[in-house]
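Colleague:
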Amino acid sequence: MVGDGELEKVWVRGIRGAVTVSENSKSAICEATKELLLAIVRENEISPEDIISIIFSATPDLNAAFPAEAARQLGWLTVPLLCTTEIPVPGALEKCIRVLVHAYTSRKQEEVRHVYLREAVRLRPDLVSKDHSESG
Numbered sequence: 000m001v002g003d004g005e006l007e008k009v010w011v012r013g014i015r016g017a018v019t020v021s022e023n024s025k026s027a028i029c030e031a032t033k034e035l036l037l038a039i040v041r042e043n044e045i046s047p048e049d050i051i052s053i054i055f056s057a058t059p060d061l062n063a064a065f066p067a068e069a070a071r072q073l074g075w076l077t078v079p080l081l082c083t084t085e086i087p088v089p090g091a092l093e094k095c096i097r098v099l100v101h102a103y104t105s106r107k108q109e110e111v112r113h114v115y116l117r118e119a120v121r122l123r124p125d126l127v128s129k130d131h132s133e134s135g
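Taking numbering that gives the first Met the number 0, the leading residue of the sequence shown gets 0, the next gets one more, and so forth.
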């Protein structure tokens, strides 16, 4: 990451995000996950080449597809991906996909934009921008 002939500091940052789906179907899981990943890339001004790895988790009620499949559908073929299941805590948000994206960025920790879409805005209202609170 170079700007105006000077080298910028680059850090590894964790970018969090989550989205909910209306049903346990492959199409719903993949479409919502793609929406989330594209929003994270856009909001943080990174490219797939900046991504080190992504950890996906899904609530136990989502088993029709691996959320990581959505990244592959976007053409992110060399990014290491891992899927896991969320702990089934009573009363937790249902039909929710979470991500932790590890990426290189010149942004300071407080400048990283975490993305929560749809009903997932309830998870971290302190991290949600107004732009995202009305999504989906």
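Just so you know, even glycine gets a beta-carbon here, dropped at the ideal spot from N, CA and C.
Output the boundary residues of the alpha helix (DSSP H) element that contains residue 41.
Modeller: Here residue 41 corresponds to residue number 42 of the sequence shown, with the count starting at 1. 25-43 is the span of the alpha helix (DSSP H), which, as asked, contains residue 41.
Colleague: Going by DSSP, what residues sit across from residue 54 in a beta bridge?
Modeller: On the sequence shown, residue 54 is found 55 positions in, with the first residue counted as 1. Paired residue(s): 81, 99.
Colleague: Within the chosen definition, does the stretch 80-87 reach the stretch 100-119 through at least 3 CB pairs nearer than 8 angstroms?
Modeller: In short, these stretches do not touch, since the Cβ pair count stays below three.
Colleague: Within the same chain, show all residues whose beta-carbon is closer than 7 angstroms to that of residue 88, passing over the 5 residues directly before and after it, in chain order.
Modeller: Locating residue 88 in the sequence shown gives position 89, counting from the first residue. None.
Colleague: Can you give me the C-alpha to C-alpha distance between residue 93 and residue 43, rounded to a whole angstrom?
Modeller: Here the question's residue 93 lines up with position 94 in the sequence shown. Here the question's residue 43 lines up with position 44 in the sequence shown. Computed Cα separation, rounded: 27 angstroms.
Colleague: So what does residue 73 bridge to, in DSSP terms?
Modeller: The residue given as residue 73 occupies position 74 in the sequence shown. None, per the DSSP bridge assignment.
Colleague: Take the Cβ of residue 36 as the centre, count every other Cβ of all protein chains shown within 10 Å, and call the residue buried at 16 or more, exposed below.
Modeller: For this step, residue 36 is matched to residue 37 along the sequence shown. The residue is buried, with at least 16 neighbouring Cβ atoms inside 10 Å.
Colleague: So, helix, strand or coil for residue 17, using DSSP?
Modeller: Here residue 17 refers to the residue found at position 18 of the sequence shown. Of the three classes helix, strand and coil, the one that applies to residue 17 here is strand, per DSSP.
Colleague: So, is residue 67 buried or exposed, given that buried needs 16 or more other C-beta atoms within 10 angstroms?
Modeller: The residue given as residue 67 occupies position 68 in the sequence shown. Residue 67 comes out buried.
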